[in-house]
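In the working numbering, the protein residues as written are 555 to 914.
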């Protein structure tokens with residue numbers, strides 16, 4: 555029997571034990587009130603034993619490929635993971651304000667001159683394929699693959715912003731990025747004259763209402779025009795909670811995210827966005843609703859990073875700028891499958907591996 559099958563067998567037993575414990579507690583509370591509750595809790599703990607998370611962040615001396623199994627399909631057997639997912643997802647992907655209705659078939663995109671929108675000020679950067687970085691991307695993919703995460707649902711882009719070296723995996727495959735799309739909205743909103751606090755709220759707190767106000771004030775068509783005229787393959791600009799509206803949803807590639815990170819990190823780039831994306835690793839390490847715990851930053855030992863994360867029930871994504879030694883790196887990762895979304899350890903494992911290999 556494989557390690558994963560053993561875990562699943564143990565988890566099924568624990569799932570039944572949880573139900574048994576709940577029944578005991580309910581019966582004893584009915585008979586004895588508060589005293590009965592305390593007695594029931596003690597009995598049930600003896601029956602069940604203490605729980606441990608299925609997937610832990612690997613220490614630097616351990617092999618993350620063997621210790622980061624995805625959470626089983628039945629979420630009831632993994633209360634630790636469910637708690638993290640529910641807390642973060644509710645904050646980052648909450649109900650949204652109503653958006654302007656879009657036609658079922660969109661007309662051809664007009665040029666910026668047609669709608670009076672500004673032009674995106676930066677050209678695509680000249681990245682060069684790197685054997686060194688491609689080996690690191692392959693290591694990240696190996697961590698996921700040997701831990702039974704679907705590789706076909708994983709996209710990675712990695713660039714050394716100091717040298718222009720680049721590597722990627724499925725980096726031109728359009729994916730739904732969850733809240734990682736929000737810097738696009740904020741940057742376009744600034745270009746269209748927006749100056750208010752919704753810019754910060756959309757990114758720092760990943761506030762959906764603020765994000766959709768920016769989108770609606772700029773206009774969905776104008777937003778698409780702004781980015782597609784600049785050569786980004788952003789397919790649409792729709793509200794975050796697209797399932798309620800029945801819309802096709804935002805799609806973006808990790809190479810689009812890397813290009814945007816390059817522009818954010820540039821000396822004459824998107825300075826306001828860079829300041830908003832700054833996060834201190836130590837102060838946010840234990841914050842389940844922040845941008846470090848459960849993401850790349852948790853795998854880094856200290857310092858700070860610029861990052862925007864996204865999480866729903868079916869996707870975990872992040873784009874980040876890392877300052878490691880004398881080099882500045884940009885990384886974008888989207889895991890478009892529920893196993894990535896449910897795991898609070900796979901992205902920290904990626905972060906730890908990036909730190910170990912890029913700091914040498």
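Cβ coordinates follow ideal geometry from the N, Cα and C atoms, glycine included.
Just so we're clear, the structure is a prediction, and the values are computed from it rather than from any experiment.
When beta bridges are read from the DSSP output, residue 810 appears opposite no residue. Residue burial is scored here from C-beta neighbours: residue 879 has fewer than 16 other C-beta atoms within 10 angstroms and is therefore classed as exposed.
In the three-state DSSP reduction, residue 748 falls in the coil class, being neither helix nor strand. By the C-beta criterion, the stretch 737 to 752 is judged to be in contact with the stretch 823 to 836, since at least 3 inter-stretch pairs fall below 8 Å. The residue among 782, 889, 701, 751 with its C-alpha nearest the C-alpha of residue 730 is 889. Excluding five sequence positions before and after residue 809, the CB atoms of its chain that fall closer than 7 Å to its own CB belong to 711, 722, 725, 726, given in chain order.
Between the beta-carbon of residue 862 and that of residue 690 there is about 22 Å, and that puts the pair past the 8 Å contact cut.
Taken through DSSP and simplified to helix, strand or coil, residue 724 comes out as coil. The beta carbon of residue 716 sits closer than 6 Å to those of 881, 882, all from its chain and outside the five residues before and after it, given in chain order. C-alpha of residue 782 to C-alpha of residue 673: approximately 10 Å in a straight line. Taking all protein chains in view, the Cβ of residue 855 is surrounded by fewer than 16 other Cβ atoms within 10 Å, so the residue is classified as exposed. Exclusion of the five residues before and after residue 845 leaves 833, 861, 863 as the residues of its chain whose Cβ lies within less than 6 Å of its Cβ. Comparing alpha carbon positions, the residue from 780, 739, 774 closest to residue 761 is 739. When DSSP reads this structure, residue 719 sits in a beta bridge with 682, 714.
Distances from the CA of residue 679 to each of 820, 775, 897, 703 were compared; the closest alpha carbon is that of 820. Distance from residue 815 to residue 884 at the Cβ level is roughly 4 Å; contact confirmed, criterion being Cβ atoms closer than 8 Å.
Fewer than three Cβ pairs drawn from the stretch 758 to 777 and the stretch 890 to 904 lie within less than 8 Å of each other, which leaves the two stretches out of contact. Across the structure, residue 831 and residue 734 are spaced so that their CA atoms are roughly 11 Å apart.
Note on residue 812: 16 or more other CB atoms within 10 angstroms of its CB, so buried under the neighbour-count rule. A distance below 8 Å between beta-carbons, with the five flanking residues on each side excluded, links residue 818 to the following residues of its chain, in chain order: 737, 824, 827, 828, 831, 860, 875. In the structure shown, residue 903 falls within a helical segment according to DSSP collapsed to helix, strand and coil. When DSSP assignments are scanned along the stretch 801 to 889, the uninterrupted stretches of beta strand (DSSP E) that are 3 or more residues long and fall wholly within it turn out to be 832 to 834, 858 to 865, 870 to 878, 881 to 889.
Counting other Cβ atoms within 10 Å of its Cβ, residue 897 reaches 16 or more and is therefore classed as buried.
Within the model, the alpha-carbon separation for residue 908 versus residue 697 is close to 12 Å. Counting only the Cα atoms, residue 906 lies some 13 Å from residue 857. Boundaries of the alpha helix (DSSP H) around residue 772: 762 to 772. Note: residue 709 is bridge-paired with 888 in the DSSP secondary-structure output.
Within the model, the alpha-carbon separation for residue 686 versus residue 768 is close to 40 Å.
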